[in-house]
Structure formats: C-alpha cells, structure tokens
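See below for the structure under consideration.
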Amino acid sequence: MSKKILVPTDFTKVGDTALNHAITVGKAIDAEVNVLHVIENKKFISEARLKLETLADRVKQESGFEINTIVRIGSIFEDIDDVATEMGASMIIMGTHGMKGMQFITGSRALRIVTDSTIPFIVVQEKGIREGGYDDIVVPLDLHKETKQKLSLVADMAKYFNSRVHLISPGETDEFLKNQLDRNITYAKGFLSEREIEFDVEISESKSSGFAKAVVKYASSIDADLITIMNFYENSLISIIGGGYEQQMITNEAQIPVMCLNPKDSYVMSGSVFSG
27 MSKKILVPTD FTKVGDTALN HAITVGKAID AEVNVLHVIE NKKFISEARL
77 KLETLADRVK QESGFEINTI VRIGSIFEDI DDVATEMGAS MIIMGTHGMK
127 GMQFITGSRA LRIVTDSTIP FIVVQEKGIR EGGYDDIVVP LDLHKETKQK
177 LSLVADMAKY FNSRVHLISP GETDEFLKNQ LDRNITYAKG FLSEREIEFD
227 VEISESKSSG FAKAVVKYAS SIDADLITIM NFYENSLISI IGGGYEQQMI
277 TNEAQIPVMC LNPKDSYVMS GSVFSG
C-alpha cells in the first residue's frame, strides 16, 4: 500500500507552508500527498475545485510533484480525521494561524481536531521546511510513560532525514518525580542508541509547570525544525498544573512545527508514515 499524507488547506500562506512540508516529506518517503478543502455547503463546490486545480497545477510546475485534491462539504472540526481515516492516511500536516487571526486550530474547539485523531499530526505556522527536511528534532520527555510511544515515530523520521534528536526533560527536585524522569531518559537514550541515532540530553531549569515555555525556548535556541509532543489535553498532569501545554506548543512564537500524537492503548506505531 502506498503511504498517504493528508493536507487540509484554506488557501492561505500557512496552508501553502503545510503543503510544502508535505511535499518535502512525500518526496523523502515516496508518499502521495492529498490536499483537502472543506466547504460549508455545495454552492461553493465549483470555486473550491477550481482553486484546488490551480494549486495542483502550480505545485506541478514549481516542484514537479503531483498532488491529489479533495473537496468535502462539512466542518473542518469534524471532517479532517474522517477523510484521513477513509483514505488510510498515515499522517496529517496542517497549518495554524497561531494565537491571533483566524481560529483554524487554536482554542479548545479547534484543538479537538488533533485530540480526536488516531493519526499523527504535524502542525505548522508560517515557518517553512528546510530542503533537507527535519534536521533537528526536539523531544520533550515528561512524567508520562506514554511519552515513550512517540520515540518509535521519531526514530523512523530521524532515519529518513538523518536527524539529530534533542531530548529535553523538566528539572524536578522532588526525588520521586526526578527518579521517574531519569527512568524515561534512560529508556529514550537506550532506544535511540540501539538505532544508531545521534542525540543529546538537556535537563531544563524549569519544572513541569513551566515546561512548555522551556521547551520552546530551548528549541528556538538550537534552531530546531520540529518539536514532538504527546497530546494529553484535559487528562494531562502538565495541563492541570501548567495550563494549555499543547496549545502553547502548537502556537509557539518561534513558529517551530509541532508533531502531535495522541496516546492510544491500541496505537500501532509500526504503521506510521515513516516506518519501512
């Protein structure tokens, strides 16, 4: 089966950025890219199809890459994951307008797009992707055992793009919390070492309550290309004590793209878009 990436677009600059990310990833892993535009009702369908055809022609002319296009009548908050599931997409790459302007993904209602999905998301702002893809990937390791789930996808991605992985952990002083974090770091180091992936470890001065800002600050300082998080949303200890962890990450001021996965008991990481 061919690998498939879904890119929702609203024909704005961030939509184009998301598409550029998808094309770079698609070329690297030989995946097809499907661009989706969701409209409110059928009277907009002709205009939507024309815009998508124009976009596909421009992409073919500029990059030589062919994209598939889809028009769907419905709501972006409900249809993106449905379309991805129907087509068997392995990844969704979507643009966000940050904290201001059009509320495409910010706020609790829009964040539900990511929260409800069983498919990994990469959420981008206006910052483009390097020609070589994701050279430096920041991986926050917090107190959740589920954070280990993302390491498989990160490792697969790092193999494709020859990426450096930067593990960052909160600097807890409580002995019990510190021991748990140490165990997670030890696991991650062993996991990446076994796969011969270059990595380093950063212990933040911030505790879990300020971890989101610390991660973004660190990622910005090393000019990272991607931050990878597990999305715990309302069930997250960090959300309870820090508030808005996922939203702070997704709408970070450095505009660093964020790969977001939801912890699922039945998560099949071997089926990721980056697996062999």
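Quick note: the sequence shown, position 185, residue 211 per my numbering, numbers continuous. Where is the CB? At the ideal position from N, CA and C, for every residue including glycine.
Three-state secondary structure (DSSP) at residue i?
i, result
"residue 107", "helix"
"residue 147", "strand"
"residue 155", "coil"
"residue 197", "coil"
"residue 254", "strand"
"residue 280", "coil"
"residue 65", "strand"
"residue 221", "coil"
"residue 266", "With a pLDDT of only 37 at residue 266, under 50, the local geometry of the prediction cannot be trusted, and the value read off the model is given with reservation. In this structure, residue 266 counts as helix in the three-state DSSP scheme."
"residue 207", "helix"
"residue 288", "coil"
Taking 9 Å as the CB-CB cut-off, is residue i touching chain D?
i, result
"residue 273", "Among the chains in the structure shown there is no chain D, since it carries only a single protein chain."
Looking at the unbroken beta strand (DSSP E) that takes in residue i, where does it start and where does it end?
i, result
"residue 29", "29-34"
"residue 237", "Here residue 237 belongs to no beta strand (DSSP E); instead the alpha helix (DSSP H) covers 237-247."
"residue 226", "225-229"
"residue 162", "162-166"
"residue 94", "94-99"
Taking the beta carbon of residue i as the centre, do at least 16 other beta carbons fall within 10 Å, making it buried, or is it exposed?
i, result
"residue 176", "buried"
"residue 273", "buried"
"residue 287", "buried"
"residue 41", "buried"
"residue 225", "buried"
"residue 114", "exposed"
"residue 216", "exposed"
"residue 60", "buried"
"residue 189", "buried"
"residue 200", "exposed"
"residue 9", "Because the chain here runs from 27 to 302, residue 9 falls outside it and cannot be looked at."
Residues in the same chain with beta-carbon distance under 6 Å from residue i, minus the five sequence neighbours each way, listed in chain order, please.
i, result
"residue 229", "195 and 197"
"residue 150", "43, 44, 47, 121 and 283"
"residue 50", "155 and 159"
"residue 58", "28 and 30"
"residue 147", "118, 140 and 286"
"residue 105", "64 and 98"
"residue 250", "162, 164 and 282"
"residue 210", "167"
Which residues bound the alpha helix (DSSP H) around residue i?
i, result
"residue 121", "Taken as a continuous stretch (DSSP letters only), residue 121 belongs to no alpha helix (DSSP H), being part of the beta strand (DSSP E) at 117-121."
"residue 42", "39-55"
"residue 84", "71-89"
"residue 232", "First-last for residue 232: undefined, no H or E at that position."
"residue 327", "Nothing can be reported for residue 327, as the shown portion of the chain is limited to 27 through 302."
What residues in its chain sit with their C-beta under 8 Å from that of residue i, if we drop five residues either side in the sequence?
i, result
"residue 242", "253, 274, 275, 278, 279, 280 and 282"
With three or more C-beta pairs closer than 8 Å as the rule, is the region 111-119 touching the region 31-43?
The answer is yes - the region 111-119 touches the region 31-43, with three or more Cβ pairs under 8 Å.
Any chance the region 144-158 sits against the region 231-242, with 3 or more Cβ pairs inside 8 Å?
With a cut-off of 8 Å, the region 231-242 and the region 144-158 do not count as touching, because too few Cβ pairs lie within range.
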